[in-house]
Amino acid sequence: MNNKILVLGSTGKTGRRVAEKLQQLHLQLRLGSRNADLSFNWDEPGNWHQVLNGIEKVYIAFQPDLAVPQAVEKIILFTQTALQNKVKKLVLLSGRGEKEAEECEQVVISSGMDWTIIRASWFMQNFSEGFFLDSILSNEMMLPVINAKEPFIDVDDIADVVVASLTEEGHSQKIYELTGPELLSFKTATAIIAGKLGRPIEFNETTMEEYVALLQSFQVPADFIWLIRYLFTELLDGRNESLTNDIERVLDRKPITFDEYVTKTIKTGVWKTQLV
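The opening position of the sequence shown corresponds to residue 109 in my numbering, with each subsequent residue numbered one higher.
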């Protein structure tokens with residue numbers, strides 16, 4: 109197969125892995141990021157035609173999240189541009205249980221191109237490559253009060269489903285909901301990491317207002333604070349406290365467990381702290 113595939117967000121958690129796996133299959137690939145040979149920026153649609161020229165399939169990982177304001181408008185413009193460039197297939201990474209993201213899904217579904225929607229749960233890699241890494245390194249996790257459990261998913265599983273959707277038959281016009289194999293609280297997830305690291309990680313909860321104030325004190329950007337508030341108040345209300353078997357159906361194997369994720373992540377050294 110020599111069809112050229114565009115991977116948007118190719119330096120992100122999912123996009124980087126998708127790109128690596130496609131390269132291992134020796135497929136023609138174009139990376140979509142601000143620093144790519146053909147720069148792609150969601151805020152600069154002027155060069156989208158150039159980036160999409162000659163592309164047959166696109167993996168869309170929107171930044172920062174499909175729930176943010178203006179996401180729908182940008183997805184509409186992108187799908188229109190893709191159709192004009194004769195793109196045949198779109199694979200969209202979406203959020204499980206995000207009503208706002210479903211508006212973007214409908215844009216892709218009604219775009220006139222083939223499509224696959226991949227709704228993912230919270231990434232396990234947020235503890236090692238994202239927002240929670242500093243908390244693990246400082247041995248103190250502070251979060252708003254959360255009563256719900258989450259079926260955390262390994263990003264490697266997401267990437268494998270994306271690659272299958274881009275390269276194999278049988279995924280046309282499918283919506284996949286991807287979860288890990290177990291429901292865990294953030295406190296339990298943190299405890300698993302601490303146990304395997306062999307060092308205590310203090311876990312504390314606070315109100316959303318106090319948490320936002322804490323983020324502001326660290327000069328976290330306002331748009332990121334908005335997203336965190338949305339994720340913790342809207343999505344972690346119990347709506348996603350269920351498991352699916354979509355990973356097993358697509359990949360013919362069990363999803364990676366949180367324990368397995370922690371074991372392999374420790375080997376990378378990303379959670380090592382300097383001894384004092």
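For glycine and all other residues, C-beta sits at the position ideal for the given N, C-alpha and C.
Per-residue DSSP class, three states only, for residue i
i	result
ALA464	One cannot answer for residue 464 here, as it falls past the ends of the chain, which runs 109 to 384.
LYS182	helix
MET109	Reliability fails at MET109, whose pLDDT of 42 lies under 50, so the model's placement of it is uncertain and no value is given.
GLU290	coil
ASN255	coil
VAL384	With a pLDDT of 39 at VAL384, under the threshold of 50, the modelled position of this residue cannot be trusted; read the value that follows with caution. The answer is coil: DSSP assigns VAL384 none of H, G, I, E or B.
ASP360	coil
PHE366	helix
ARG337	helix
GLY377	coil
PHE260	coil
PHE332	helix
PHE235	helix
Assumed close pair residue i, residue j - CB separation to whole angstroms, cut-off 8 Å
i	j	result
VAL370	ILE300	6 Å
Selection from the options that minimises the alpha carbon distance to residue i
i	options	result
ILE226	PHE239, PHE240, VAL195, ASP265	ASP265
ILE244	ILE183, ASP268, LYS295	LYS295
LYS375	VAL180, GLN214, SER236	SER236
Chain D contact for residue i (CB, 7 Å cutoff)
i	result
ALA228	This model lacks chain D altogether, as it is built from one protein chain only.
Enclosing beta strand (DSSP E) for residue i [first to last residue]
i	result
TRP223	222 to 228
THR314	310 to 314
SER202	197 to 203
GLY140	137 to 140
Extent of the continuous alpha helix (DSSP H) to which residue i belongs
i	result
ALA209	207 to 217
GLN132	121 to 132
Are three or more beta carbon pairs between the region 354 to 372 and the region 292 to 309 nearer than 8 Å?
yes
Discussion item. Whether or not the region 150 to 166 and the region 326 to 345 are in contact is what I'm after, with contact meaning three or more pairs of Cβ atoms, one per stretch, closer than 8 Å; do they touch?
Written reply: no
request  = Mind the definition here: the region 171 to 182 touches the region 209 to 217 only if three or more C-beta pairs lie below 8 Å; say whether that holds.
outcome  = yes
Does the region 149 to 156 touch the region 121 to 135, meaning 3 or more C-beta pairs lie closer than 8 Å?
no
- prompt: Are the region 195 to 207 and the region 218 to 232 in contact at 8 Å, needing three or more beta carbon pairs?
  reply: Verdict: yes, contact present.
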